[in-house]
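Asker: Please read through the structure below; I'll follow up with questions.
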Amino acid sequence: MQRALELAARLASGRTPFVLATVIWRRGPSSGHMGSKAVIATDGSITGWLGGACAEPTVIKQALDALVEGTPRLLQLGPPEEFGDRHDEDAVAVPMACESDGAMEVYLEPVVPEPSLVVIGKSPGAETLAQMGALLGWRAVLIDDGGEAHSLDAVEVHVTLDLEALAIGERDFVVVATQGHYDEKALEAALATSAGYVGLVASRKRAAAVFEFLRGSGISDEALARIHAPAGLDLGSLPNDQIAVAVLAEMVSLQAGGGLTTGVTVFRREEAIDPVCDMIVNVATARWTHEHDGHTYYFCAPGCRTAFANDPESFVSKESQ
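Below, the structure written as structure tokens:
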């Protein structure tokens, strides 16, 4: 367990997404134990111990699903009748007919880094917005292209417009607030990223002029449609520094409403279904296989392979139903 917790700490500090899986209930015989923990990375690798060969591929698949969705889930593994009284309508129940006849519940908690907020500009409103984002726990970056290096509490300050170096993803925010100094250049850079939100702080008249320039520069209407302009909820006429409140409110609303994806990319390994117990088997690491009628079947344990080899037609016919 210590290795899993140490890895979780390293991944979290490096803003790398992962899933923390914890056994919260079990009924023996099961190799999983109450409180056992494991870390599942985006490539499907697992560090720690939750259970045996039958459970692990299913746990990994469900963990990766939870990571992509960004929502935790309760996974119930065991004989179908096991969870009659314990069944939670929000849980994912996977029947497991392993030889051990054990059962367990695993809580899968996706850990996804907070989004990045990149504000381009040097006005009081730009600084206020960056600092408010930092207060939410977001990674806050203020870019003052060509300006002088300075410090700002809890905010990274950059003086070159290099968004590529910031590794902006689909769950991140970019707000252009240069007050007309280089809106066009900043928006071109923002649209070259996969940011889930691109906003322009400007009047409607100014925004229309910027759009016209970008369109004439070859930016497509589809790309321009990504820009929120004017950025922020309509809170009426506001002084420059208070515009930050309207912009932040729009971003929080978008995030809370599911308008942004987690932006997490996972690696799915090739899987097969054990025809005897219906459990998921990792094809690349499967130890137990059987050839029948020119087809390779994969098994989670030797008992399943033996049962199949003794009467393959009964399982093949079940599979085709």
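The sequence shown runs 27 to 347 under our numbering.
Positions of the beta carbon are idealized from the N, C-alpha and C atoms, including for glycine.
Just so it is clear, the structure is predicted and the values come from calculations on it, not from any experiment.
Just reading off the beta strand (DSSP E) that Gln205 is part of, what are its end residues?
Answerer: Careful: Gln205 lies outside any beta strand (DSSP E) and carries neither H nor E.
Asker: DSSP three-state label for Gly104, please.
Answerer: strand
Asker: Can you name the start and end residues of the alpha helix (DSSP H) that Glu32 belongs to?
Answerer: 28 to 39
Asker: Could you spell out the range, first to last residue, of the alpha helix (DSSP H) harbouring Lys87?
Answerer: 82 to 95
Asker: Any idea what DSSP makes of Ile269, helix, strand or coil?
Answerer: helix
Asker: With three or more C-beta pairs closer than 8 Å as the rule, is the stretch 217 to 236 touching the stretch 174 to 184?
Answerer: no
Asker: If you run the structure through DSSP and keep just helix, strand and coil, what is Gly225?
Answerer: strand
Asker: Work out the CA separation of Ala249 and Glu339 for me, nearest whole Å.
Answerer: 55 Å
Asker: Are the stretch 289 to 296 and the stretch 255 to 266 touching, with three or more C-beta to C-beta distances below 8 Å?
Answerer: no
Asker: Check Thr48 in the structure and name its three-state DSSP category.
Answerer: strand
Asker: Verify whether the separation of the beta carbon atoms of Ala203 and Val227 is less than 8 Å.
Answerer: yes
Asker: CB Val224 to CB Arg252, shorter than 8 Å?
Answerer: yes
Asker: What residue does the alpha helix (DSSP H) around Arg232 start on, and which one ends it?
Answerer: 230 to 242
Asker: Return the chain-ordered list of same chain residues with a C-beta closer than 6 Å to the C-beta of Gly107, the five sequence neighbours on each side being excluded.
Answerer: Correcting the residue identity first, residue 107 is Glu in this sequence and not Gly. The answer is none, since no qualifying residue turns up.
Asker: Using DSSP with H/G/I as helix, E/B as strand and the rest coil, what is Lys211?
Answerer: Judged by DSSP in its simplified three-state form, Lys211 adopts helix.
Asker: Would you mind stating whether Val305 and Thr48 have Cβ atoms separated by less than 8 Å?
Answerer: Note on residue identity: the sequence assigns Met, not Val, to residue 305. Not closer than 8 Å, so no.
Asker: Using DSSP with H/G/I as helix, E/B as strand and the rest coil, what is Val307?
Answerer: strand
Asker: Which stretch, first to last residue, makes up the alpha helix (DSSP H) that contains Glu248?
Answerer: 247 to 250
Asker: Determine, using beta carbons only, whether Ala212 comes closer than 8 Å to chain B.
Answerer: The structure shown contains no chain B; it holds only a single protein chain.
Asker: Based on the DSSP output, what are the partners of Ser142 in its beta bridges?
Answerer: Looking at the DSSP assignment, Ser142 forms a beta bridge with Arg165.
Asker: Let's test the definition: count the other Cβ atoms within 10 Å of the Cβ of His321 and tell me whether it reaches 16, buried, or not, exposed.
Answerer: exposed
Asker: Would you decide whether Leu134 is buried or exposed? Buried here means 16 or more other CB atoms lie within 10 Å of its CB.
Answerer: The residue in question, Leu134, is buried, as its Cβ has 16 or more Cβ neighbours within 10 Å.
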